[in-house]
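Residues in the sequence shown are numbered consecutively from 2, following this note's numbering.
Note that CB positions come from ideal geometry on N, CA and C, so glycine has one too.
Quick notes on the structure that follows.
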Amino acid sequence: MAKPLNVGMIGYGFMGRAHSNAYIKVNHFFDLEHRPVLKAICARSADKAKAFAEQWGYESVETDWRKLIARKDIDAIDICVPNNFHAEIAIAASHAGKMILCEKPLSMNGPEGQKMVEAVEKTKVPNMVWYNYRRVPAVTFAKRLIDEGRLGRIFHYRAKFLQDWTISADLPQGGTALWRLDVAAAGSGVTGDLLAHCIDTALWLNGNVATVNAMTETFIRERKHNLTGKVEKVGIDDACAFLARFANGSLATFESTRYARGHKALYTFEINGEKASIAWDLHDLHRLQYFDHKDEGKLRGWRSIHVTDHGGDHPYMDKWWVPGLQIGYEHSFVHQVADFLEGIAKGKPAMPDFRDALRTQHVCDAVLNSAKTGQWSKVAGD
Ligand SMILES: NC(=O)c1ccc[n+]([C@@H]2O[C@H](COP(=O)([O-])OP(=O)(O)OC[C@H]3O[C@@H](n4cnc5c(N)ncnc54)[C@H](O)[C@@H]3O)[C@@H](O)[C@H]2O)c1
């Protein structure tokens, strides 16, 4: 019998649902020493939290996250609330000796993230940040190919994350579902929200970023604020593009916007190496495009690898159905929980932990600083 691991989740929005689904499914598909138990859901509205608890099977409800953290029957705190709450909750949870699974971005900025790292390293609580794209099998597979040296020396890294949902000037900022437009809740716009994903994947696949040169734009400068009812200045970046130099000498371009009409969540990356190239696209997340210069000339071309093979060749896939049948977005969270639980059992933390995720924070800070100053910015910590 797997040992119960009692989860207290804070926030029941998009990520609250994605994580709850992962906790429910993980032991059906992975053999693990631990089994997450949906012990308590915490949110400001008791009625909404109760409704969520009923729908997803949580045993109890809290409306004050401090009470949740103080509960003796909670082993792990899962932080699924807007970015401005991450640090306070994570630091309190670490002092209470709880394991912490924190949504991305780790923090509002590098210095705040640094305090979170210090807290978990002092209290030695297991900690992880939900950069879930690392666990999309095609992306994990890309990492394997790079680590095997199949691309050789890397010359270029190119990433984009495009959306179009904030084009209307009538869209307010702040409050439920629209906190991403409020700089006080989000910390930044597309940089911390979308580019943070691209940066995390890039650091994982291609190593540290040394310097960046960025431009940002806020296309709609004023919006009604849902919390005050007044029209207020918009403090987030609506779009951001930056150049980067990696420590390994490769050059990169990153772009993100919420103003790319027609695109909903188009996260793509391409990596060009001396021997081979790879490309991935979230809209077709089960395929990895691969070009190998070693191929016989007349047959050489981009292959589209359907990452569904079993027998250990394609990461995570032997846990699911049969070769050829694909899985989806939600499974990346199941994989992340599985790796977290395996990490606890083996005493080897699943990445990214807080310290690893802090690297992304430092890149975001350098990007925003460069956009402000118009100068190249060095990334702290590298
Ligand atoms: N890993 C990913 O791919 C991914 C995807 C989406 C969001 N996230 C991250 O997850 C966290 C939560 O995002 P989400 O999309 O689930 O948000 P959401 O708006 O869907 O849900 C937020 C939850 O926080 C609660 N909340 C507490 N204080 C709030 C406040 N002041 N304003 C608004 N809501 C408040 C809401 O009631 C709700 O339960 C964020 O840090 C976000 O960056 C990560």
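Using only the alpha-carbon positions, how far apart do residue i and residue j sit?
i, j, result
"Asp-383", "Phe-292", "At Asp-383 the pLDDT is 48, less than 50, meaning the model places this residue with poor confidence and gives no usable figure here."
"His-264", "Lys-161", "11 Å"
"Lys-123", "Val-368", "29 Å"
"His-363", "Gly-344", "26 Å"
"Gly-230", "Leu-283", "36 Å"
"Ala-203", "Leu-182", "25 Å"
"Asn-209", "Asn-249", "8 Å"
"Arg-28", "Leu-342", "The displayed chain sequence assigns Asn, not Arg, to residue 28. Computed Cα separation, rounded: 10 Å."
"Trp-131", "Lys-276", "32 Å"
"Ile-272", "Leu-107", "26 Å"
"Ala-178", "Lys-295", "49 Å"
"Pro-5", "Leu-33", "11 Å"
"Asn-133", "Leu-359", "16 Å"
"Glu-297", "Asp-148", "23 Å"
"Gly-153", "Ala-19", "36 Å"
"Glu-119", "Trp-180", "27 Å"
"Phe-220", "Gly-14", "27 Å"
"Asp-165", "Thr-269", "15 Å"
"Asp-319", "Gly-325", "11 Å"
"Ile-168", "Arg-262", "8 Å"
"Phe-53", "Arg-301", "52 Å"
"Leu-102", "Glu-55", "23 Å"
"Gly-114", "Ile-25", "30 Å"
Using beta-carbon positions only, say whether residue i and residue j come within less than 8 Å of one another.
i, j, result
"His-35", "Ala-339", "no"
"Lys-144", "Trp-205", "yes"
"Asn-1", "Phe-355", "Since the displayed the chain opens at 2 and closes at 383, residue 1 lies outside it and no answer follows."
"Cys-365", "Ile-155", "no"
"Ile-78", "Gly-190", "no"
"Gly-176", "Cys-81", "no"
"Pro-83", "Ala-187", "yes"
"Val-121", "Trp-281", "no"
"Ala-266", "Arg-159", "no"
"Ser-251", "His-157", "yes"
"Phe-255", "Leu-196", "yes"
"Lys-125", "Ile-92", "no"
"Asn-207", "Phe-247", "yes"
"Ala-97", "Ala-71", "yes"
In terms of residues, what are the limits of the alpha helix (DSSP H) holding residue i?
i, result
"Ala-160", "Here Ala-160 belongs to no alpha helix (DSSP H); instead the beta strand (DSSP E) covers 155-163."
"Asn-22", "15-30"
"Leu-146", "138-148"
"Ala-342", "The question names Ala, but residue 342 is Leu in the sequence shown. Its alpha helix (DSSP H) spans residues 330-347."
Can you name the start and end residues of the beta strand (DSSP E) that residue i belongs to?
i, result
"Met-216", "210-218"
"Met-385", "Because the chain spans 2 through 383 in this model, residue 385 falls outside it and cannot be assessed."
"Gly-274", "267-274"
"Arg-246", "240-247"
"Thr-167", "First-last for Thr-167: undefined, no H or E at that position."
"Ala-277", "277-282"
"Ala-253", "252-258"
Leaving out the 5 sequence neighbours to the left and right, which residues in its chain are closer than 6 Å to residue i when beta-carbon positions are compared?
i, result
"Ile-328", "Trp-321"
"Asn-7", "Val-38, Lys-40, Asp-74, Ile-75 and Asp-76"
"Cys-43", "Ile-11, Glu-63, Trp-66 and Leu-69"
"Thr-217", "Asp-238, Cys-241 and Ala-372"
"His-336", "Arg-136 and Tyr-317"
"Pro-353", "Val-130 and Tyr-132"
For residue i, list the residues DSSP reports as bridge partners.
i, result
"Val-38", "Asn-7"
"Cys-199", "Paired residue(s): none; Cys-199 is not in a bridge."
"Tyr-132", "Per DSSP, none; premise fails for Tyr-132."
"Arg-288", "His-307"
"Gln-174", "His-226"
"Lys-234", "Glu-223"
"Val-62", "Ile-42"
"Ser-378", "Val-213"
"Ala-77", "Val-8 and Met-100"
"Asp-293", "Ala-277"
With 8 Å as the threshold, decide whether the Cβ of residue i is near any Cβ in chain C.
i, result
"His-307", "Checking the listed chains, one finds no chain C in this structure; it contains a single protein chain."
Starting from the C-beta of residue i, find all residues in its chain whose C-beta is less than 8 Å away, skip the five residues before and the five after it, and write them out in chain order.
i, result
"Trp-377", "Thr-212, Val-213, Asn-214 and Ser-371"
"Phe-142", "Leu-289, Ile-306, Val-308, His-315 and Pro-316"
"Arg-224", "Ala-170, Leu-172, Pro-173, Gln-174, Leu-182, Val-232, Glu-233 and Val-235"
"Gly-375", "none"
"Val-323", "His-311"
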